[in-house]
Amino acid sequence: MWKLSAGALAAAVRAGEVSALDVLDAHLDRIAAVNPRINAVTQLFGDRARAEARRIDRRRAAGEELGPLAGVPFTVKECIRVEGYPTTFGIRRFADLTARADAIPVARLRAAGAVPIGHSNMPSLILSGMHTRSELYGDTLNPWDAGRTPGGTSGGDGAAVATGMAALGLGDDSGGSIRIPASFCGVAALNPTAGRFAADQRMLGPDDPGPASQILVTDGPLARTVADLRLAFECLAGPDPRDPRAVPAPLYGRPVDGPVKVAVVADPGGRGVHPTVRRAVERAAGALAEAGYDVREVPDVPRFDEAYDAFHQLTVAEFTPSWPVVRQLLGEGGDRFIDFAMRRTPQLDAAGLIALMGTWMNIRRSWAEFLAEYPLLLGPVFTEPPVEPGLESRDQESRDRVASAMRLCSLTSFVGAPAVAVPTGLADGLPTGVQLVGRPFREDLCLAAAQQLEDRLGVLSPVDPLL
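As numbered in this note's numbering, residues 4 to 470 make up the sequence shown, in order.
Given below as structure tokens:
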């Protein structure tokens, strides 16, 4: 049963073809078999998950209507709260920081019938790099090749979903943290529009974080199929009074007149792209053209250099005041990635930060005008194949290389646009993938195009670890 999609599992549970408890036990057995090699699941919720599965089975026996994700096991990133379990952020300092309540997206998936099966690994405090390595739990391995990173910062979810330890993963993204592990592990992921999903702030104290954390960070699902992403999207969307950022936008917008125009940019900013990544984008473009989309190669995304610099200025400005304290929490070597970023990015004074806020709005306007002409943008998730673990923390040159490779993810988070990462096949034994970026609150267009790609290019996972 661990090989089945979330949608197939839920349908079988609702129909009484299998019990929710049998589904859960199949995934717990899969975790026992695979996780010792992959190290993706950190805290297992075995007994409580079984209790939840039994409740679902009792409800079905009583004739109650079950939710669209009935009995579907999902993992939850270590920085997202699950009631009764520590939200460790991957560091020893927070090993006993037990959550008093579920985060909003966890509660919504539960309300739809899904069952949290365990926490998943992430880089220490989210800040120690693009590779999933935490002070508390160690390294998560890429199931396709142990010599390559599974990506991050939601790499535990990417590896768990890819290997069948869970049908869904719940991660978060502020510049590629859902999309990169999806691409590197051969699964699909949805990074929603900023404000689409109500979520809890990643608060480590009584105060809310600054503008970068408030606006750039979005929770989102990882799954093996686009249909499963759509199910999760429908369950997670919507406002909540605890999150004033979230808006009641309709799930599905008006149809676009005529064939949907797709802008293709294989090498954002002209900084270079690996041949296998370029071929993946070209393959995806051909598949969309075959599906009836109006696919057009364009010179570049709007205002690349300005947007790239502004993204890094904003994030570094937010880290700077608390950095002397935060770096002490990261463990040996955990501060290198952010330290390299701060060395490369000029510090802003108050006037500079105010000016940056205006630049941010202006760049978002330019992107809105671009997406008004092209409802979809097709491009790479990462402009290289999966790299070796920890490359971004090795030295300044390596950090800059990784930051450049994830540049389209950074820019699309900066402008608040939704994106779906979807696999396109294999190259040299490693997954390849692309992302489809859409207009704000038009995740439906991204998901529809991603479904066309999946229909033509196939599904890569679940996979047995090739280690």
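We put the beta carbon where it would ideally sit given N, CA and C, even for glycine. Remember, predicted model here, so these are calculated numbers, not experimental data.
Query	Result
By Cβ distance, which residues of its chain are closer than 6 angstroms to Ala453, with the 5 residues on each side in sequence left out?	Val229, Val423, Val425, Leu439
Please list the segments of the beta strand (DSSP E) lying wholly inside the region 190 to 229, counting only runs of 3 or more residues, in order along the chain.	191 to 194, 221 to 226
Do you know offhand how far Gly355's Cα is from Pro271's?	26 angstroms
Within the same chain, show all residues whose beta-carbon is closer than 8 angstroms to that of Arg95, passing over the 5 residues directly before and after it, in chain order.	Glu138, Leu139, Gly334
Counting C-beta neighbours from all protein chains within 10 Å, is the total for Arg136 16 or more, i.e. buried, or is it exposed?	buried
Using a threshold of 8 angstroms, state whether the C-beta atoms of Leu69 and Arg63 are closer than that.	yes
Just how far apart, CA to CA, sit Phe417 and Ser464?	30 angstroms
List the endpoints of the continuous beta strand (DSSP E) containing Gly172.	171 to 176
Rounded to whole angstroms, what is the Cα-Cα separation between Gln399 and Val405?	10 angstroms
Is Glu387 closer than 8 angstroms to Val280 when the C-beta atoms are compared?	yes
Contact check, Leu27 vs Pro76 under 8 angstroms by CB: the rounded distance?	6 angstroms
Which of the three DSSP states is assigned to Phe92 in this structure?	coil
Using alpha carbons as the reference points, say which of Met125, Gly150, Leu130, Ala165 lies closest to Ser157.	Met125
On a Cα-Cα basis, can you pick out the residue from Gln46, Met409, Asp297 that is closest to Ser177?	Met409
What is the C-beta distance between Ala170 and Asp231, in whole angstroms, given that I count them as a contact (C-beta under 8 angstroms)?	7 angstroms
Assign Phe444 to one of three DSSP states: helix, strand, or coil.	coil
Would you grab the beta carbon distance between Asp222 and Ile83 for me? Rounded to a whole angstrom, and I think it's under 8 angstroms.	7 angstroms
For Ala185, which option in Leu225, Ala202, Pro209 has the closest C-alpha, if you only look at C-alpha atoms?	Leu225
Using the C-alpha atoms, what's the distance from Arg182 back to Thr427?	14 angstroms
Note the first and the last residue of the continuous beta strand (DSSP E) segment covering Pro119.	118 to 123
Does DSSP put Val418 in a helix, in a strand, or in coil?	coil
Please list the terminal residues of the continuous beta strand (DSSP E) segment that includes Pro39.	Where Pro39 is concerned, there is no enclosing beta strand (DSSP E), although the alpha helix (DSSP H) it sits in stretches over 23 to 41.
Let me know if Leu254 comes out buried or exposed under the rule of 16 or more other beta-carbons within 10 Å of its beta-carbon.	exposed
On the premise that Gly198 lies in contact with Arg248, defined as a C-beta separation below 8 angstroms, what is that separation, rounded to the nearest angstrom?	5 angstroms
Can you give the Cα-Cα distance for Ala292 and Val298, rounded to whole angstroms?	6 angstroms
Nearest to Pro71 by CA position, among Glu237, Ser407, Asp458, Val301, is which residue?	Glu237
Does the distance from the CB of Ala313 to the CB of Trp370 come in under 8 angstroms?	no
In three-state DSSP terms, what is Ser137?	strand
Can you tell me whether DSSP reads Phe340 as helix, strand or coil?	helix
Would you call Met360 buried or exposed, if buried means 16 or more other Cβ atoms sit within 10 Å of its Cβ?	exposed
Could you check how far apart the C-beta atoms of Gly382 and Ala269 are, in whole angstroms? I think they sit under 8 angstroms.	7 angstroms
Name the DSSP bridge partner or partners of Glu1?	The first residue shown for the chain is 4 and the last is 470, placing residue 1 beyond what the model contains.
Around the C-beta of Ala394, are 16 or more other C-beta atoms found within 10 angstroms, so that it is buried, or is it exposed?	Per the sequence shown, residue 394 should be read as Leu rather than Ala. So Leu394 ends up on the buried side.
Which whole-angstrom value describes the C-beta separation of Glu86 and Ala115, a residue pair presumed to lie in contact below a C-beta threshold of 8 angstroms?	About 17 angstroms; that fails the 8 angstroms criterion.
Could you name the residues that DSSP lists as bridge partners for Lys6?	The partner list for Lys6 (beta bridge, DSSP) is empty, contrary to what the question assumes.
Considering only the alpha carbon of each residue, which of Asp303, Thr196, Arg397, Lys6 lies closest to Glu446?	Thr196
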